[in-house]
Amino acid sequence: METLSIFTSILYLGLIFSQVNSDPTEDKKALLDFVNNLPHSRSLNWNESSPVCNHWTGVKCSEDGSRIVAVRLPGVGFSGQIPRNTISRLSALKILSLRSNIISGYFPSDFVNLKNLCYLYLQLNNFSGPLPDFSVWKNLTIVNLSNNGFNGTIPRSLSSSTQLEALYLANNSLSGEIPDLNLPSLQQLNLANNDLTGLIPKSLQRFPTSVFVGNNISFDKGLAPRSSPVLTPSNESNVRPKNGKRIGETALLGIIIAACVLGLLAFVFLIIACCIRKKREDGFAGTLQKRGMSPEKVVSRNQDASNRLFFFEGCRYAFDLEDLLRASAEVLGKGTFGMAYKAILEDATTVVVKRLKEVSAGKRDFEQQMEIVGSIRHENVVELKAYYYSKDEKLMVYDYYSQGSISALLHGKRGEGRIPLDWDTRMRIAIGAARGIARIHEENSGKLVHGNIKSSNIFLNSQQYGCVSDLGLTTITNPLAPVIARAAGYRAPEVTDSRKATQASDVYSFGVVLLELLTGKSPIHTTSGDELVHLVRWVHSVVREEWTAEVFDVELLRYPNIEEEMVEMLQIAMSCVVRMPDQRPKMADVIRMIENVRPNYAENRPSSGNKSESSTPPPPVVVGEN
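What follows is the structure, given as structure tokens:
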């Protein structure tokens, strides 16, 4: 009897466990019906065989996994009308974001079934027709329907959404008077750029006038625009004494002097404030404030159907340009082609955004080059996830990894307590980077050039092999001055115009990286006597004097039985940095030479040029530090 009771308990617990961990089958089918019946330009990893929770892009489940509670799919390229009886079947849905798509048609009438909806983001689409009856949603907290084509009046039923904290209806075609919405929790409002008329109701007079601009609205008597003070007749009369006599010359002179002093102080304060603000905002996150507009206005002004953040096939990120513009940004470094930023989005997704400078290519040429770069899938090439092009901004988006570049690992914080980069890791960096560059050289019918190979553009992949980034940008940017271009010490001597880099000059740059790995020295460094030393020339001089042992990094001396390998790698590096381009080996030959140094590398050569799929994310490194 006791045995039966234990068996029953185990069976009961098993049933509970299976229920908790099972897929929300009905919700899953509803989403598949939605995505299969609405055209979209960006692929999603949704399929019948894969689990929904924690796997499907943009989908979040409840804690017990029984229902879908959030769907975030901004910028996926959805076009057309939302299919009926699809999303509306997600009765437990709390968050719905379909912003920055090309969805058209009326507001879906069957959304009335989403009784638990709290956050609704449908901005930057092509919706039309009247706004819905809001009385069916009692839990709405944020509603953003801006930048669409909604018309008709603002429904009074909004008053029933007593928990509403933010309402955005700007840039539509709404008309009529603004209803007196009694929404005590409302903290943010934007009704700008519609066809609204009449007076601002008393319940909304606490908001600044900027949220009502672009309409035919009059202000109540006594309600002055907050953006500009009003000079009343009583204020004007204050310049005269009560008896109506003119102010004396001495008093007038004193007023003028005081006004000049105050004006000068205000001017100085303004200059100081602008300098402080510029310093704070000198980065990706500050571009919005510099323009004096919200992220929503930036997007609505610059973004159209052909000018959106473009994601490459297979990318699982669920965000759009507006997310990037709102993201918390941290400068990672200033490189040859622009600034790199670490951007943390609202959902905690972290990416690297490279903000390009001096781009000389037009939109078509830029997009063609991005397509070439973004099509490369190889375990030793950092994958471009997305890009953006507009007249004012050119952005590239990569994964963010926090381990650091090879430059940081080699040269950062030398001294006591430092963990040195061991010889085995340096060999893995060399063979991995070589394979990545060789793969790049195969692209575009064997004509693609990296053009900016250096240790700050090489990282470690999940197997701790070198992985190259920041490729193919020389052809779309303005040429660098020769003095500046060679300052880093990686540029081949024949390259006087950075746009005319070749695969042979890539080999030279890779040879400099090999010398960096072997010597532990930067391509351009100073001696204790402040003498500027060019690494390639220094190595040539040391080898010529037969002091080869002096070349190698002192941190490598602790590892036994590696002298022969180091000498062979030095010979490979020297063959890459010969002065005449036609005497340098091809990258495929370099790979074979390194594999001869370590035969096991040939055995572990990747079976294909495509990046291997893995459910485990790669270890962190910082992409874009150059």
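full-length UniProt numbering numbers the first residue of the sequence shown as 1 and each following residue consecutively. All residues carry an ideal CB built from backbone N, CA and C; glycine is no exception. Keep in mind the model is a prediction, meaning the values are calculated, not measured.
Q.
Can you tell me where the alpha helix (DSSP H) holding residue 339 begins and where it ends?
A. Taken as a continuous stretch (DSSP letters only), residue 339 belongs to no alpha helix (DSSP H), being part of the beta strand (DSSP E) at 338–344.
Q: Give the straight-line distance between the Cα atoms of residue 200 and residue 191, rounded to the nearest whole angstrom.
A: When rounded, the distance between both Cα atoms is 11 Å.
Q. For residue 356, does the count of other Cβ atoms within 10 angstroms reach 16, so buried, or fall short, so exposed?
A. Taking all protein chains in view, the Cβ of residue 356 is crowded by 16 or more other Cβ atoms within 10 Å, so the residue is classified as buried.
(Q) Taking DSSP's pairing of strands, which residues face residue 467 in a bridge? (A) Paired residues: 459.
Q | Reference residue 507, options 582, 541, 476, 350, closest by Cα | A | Looking at the Cα atoms, 582 is the closest of the given residues.
Q. In whole angstroms, what separates the C-alpha of residue 370 from that of residue 92?
A. The straight-line gap from Cα to Cα measures roughly 40 Å.
**Q.** Length of the line joining the Cα atoms of residue 435 and residue 422
**A.** Spanning the two alpha carbons is a distance of roughly 20 Å.
Q. Taking the C-alpha atoms as reference points, what is the distance between residue 336 and residue 549?
A. The straight-line gap from Cα to Cα measures roughly 34 Å.
(Q) Could you check if residue 537 belongs to the surroundings of the ligand HEM, using beta carbon to heavy atom distance under 7 Å? (A) In the structure shown, the ligand HEM is absent, as is every other ligand, since no ligand is present at all.
Q: Might you give, ordered along the chain, the residues of its own chain that have their beta carbon closer than 7 Å to the beta carbon of residue 523, omitting 5 neighbours on each side?
A: Excluding residues within five positions, the ones whose Cβ falls inside 7 Å are 488, 489, 490, 512, 516, 535.
Q) With DSSP run on the structure shown, which of helix, strand or coil describes residue 627? A) Beyond the ends of the chain as shown, which are 1 and 626, falls residue 627; an answer cannot be given.
Q.
Quick check on DSSP: helix, strand or coil for residue 475?
A. Here residue 475 carries a helix assignment [DSSP, helix/strand/coil].
Q. For the beta strand (DSSP E) that contains residue 177, what are its first and last residues?
A. Counted as a single uninterrupted DSSP element, the beta strand (DSSP E) harbouring residue 177 occupies residues 173–177.
Q) Should residue 245 be labelled buried (16 or more other beta-carbon atoms within 10 Å of its own) or exposed? A) Below a pLDDT of 50, predicted positions are generally treated as unreliable, and residue 245, at 44, falls in that range; no measurement from the model is reported.
Q: Output the distance between the C-alpha atoms of residue 347 and residue 502, rounded to the nearest integer angstrom.
A: Straight across, the Cα-Cα distance linking residue 347 with residue 502 is about 41 Å.
**Q.** residue 262 - DSSP class collapsed to helix/strand/coil
**A.** Secondary structure of residue 262 (DSSP, three-state): helix.
Q | residue 123 beta carbon less than 8 Å from that of residue 141 | A | No, the pair does not count as a contact, with Cβ atoms beyond the cut-off.
(Q) Assuming residue 144 and residue 127 are in contact, meaning their beta carbons sit under 8 Å apart, how far apart are those beta carbons, in whole angstroms? (A) The pair is not a contact, with the Cβ atoms about 12 Å apart (cut-off 8 Å).
Q: Compute the beta-carbon to beta-carbon distance between residue 103 and residue 77, rounded to the nearest angstrom, for a pair I have assumed lies under 8 Å.
A: About 10 Å; that fails the 8 Å criterion.
Q) How should residue 180 be labelled, buried or exposed, when 16 other C-beta atoms within 10 angstroms of its C-beta is the threshold for buried? A) Residue 180 should be labelled exposed.
Q: State yes or no: is the C-beta of residue 48 within less than 8 Å of the C-beta of residue 32?
A: Yes, they are a contact pair.
Q: List the DSSP bridge partners of residue 188.
A: Paired residue(s): 166.
Q) What's the gap between the Cα of residue 674 and the Cα of residue 354? A) This structure gives no information on residue 674, because the portion of the chain shown stretches from 1 to 626.
Q.
Assuming the contact rule is C-beta atoms closer than 8 Å, residue 118 and residue 95 should be a hit. Round their C-beta distance to whole Å, please.
A. The pair is a contact, with the Cβ atoms about 7 Å apart (cut-off 8 Å).
Q: Enumerate in chain order the residues of its own chain whose CB-to-CB distance from residue 175 is below 8 Å, with the five nearest sequence positions on each side excluded.
A: Closer than 8 Å at Cβ, skipping near neighbours: 151, 152, 153, 194, 195, 196, 197.
Q | Neighbourhood of residue 167 by C-beta, 6 Å cutoff - its chain only, sequence neighbours within 5 removed | A | 143, 189, listed in sequence order.
Q.
So for residue 158, helix, strand or coil by DSSP?
A. Correct three-state label for residue 158: helix.
Q: Identify every run of the alpha helix (DSSP H) within the segment 503–591, keeping only runs that are complete inside it and at least 4 residues long; order them along the chain.
A: Positions of the alpha helix (DSSP H) runs, each at least 4 residues long and wholly inside the segment 503–591, are given as 503–519, 535–544, 563–576 in order along the chain.
Q: Would you tell me roughly how many angstroms separate the C-alpha atoms of residue 380 and residue 462, rounded to the nearest one?
A: Taken atom to atom, the span from the alpha-carbon of residue 380 to that of residue 462 is near 10 Å.
**Q.** Between the CA atoms of residue 184 and residue 466 - distance to the nearest angstrom
**A.** Distance between the alpha carbons of residue 466 and residue 184 is about 57 Å.
Q. Excluding five sequence neighbours on each side, which residues of the same chain lie with their C-beta closer than 6 Å to the C-beta of residue 577?
A. Closer than 6 Å at the Cβ level, and outside the excluded window around residue 577, lie 508, 511, 536.
Q: Would you kindly check if the distance between the Cβ of residue 108 and the Cβ of residue 68 is under 8 Å?
A: Not closer than 8 Å, so no.
Q) Under a Cβ-count criterion, where at least 16 other Cβ atoms within 10 Å of its own Cβ denotes burial, should residue 132 be classed as buried or exposed? A) Residue burial is scored here from C-beta neighbours: residue 132 has at least 16 other C-beta atoms within 10 angstroms and is therefore classed as buried.
Q.
I'd like to know if the segment 310–322 and the segment 383–391 are in contact, where contact means that at least 3 CB-CB pairs between them fall below 8 Å.
A. Judged by pairs of C-beta atoms under 8 Å, the segment 310–322 touches the segment 383–391, as three or more such pairs exist.
Q.
Rounding to the nearest angstrom, what Cα-Cα distance links residue 157 and residue 34 in this structure?
A. C-alpha of residue 157 to C-alpha of residue 34: approximately 28 Å in a straight line.
Q) Can you tell me whether residue 315 is buried or exposed, with buried defined as 16 or more other CB within 10 angstroms of its CB? A) Buried, since its Cβ has 16 or more Cβ neighbours within 10 Å.
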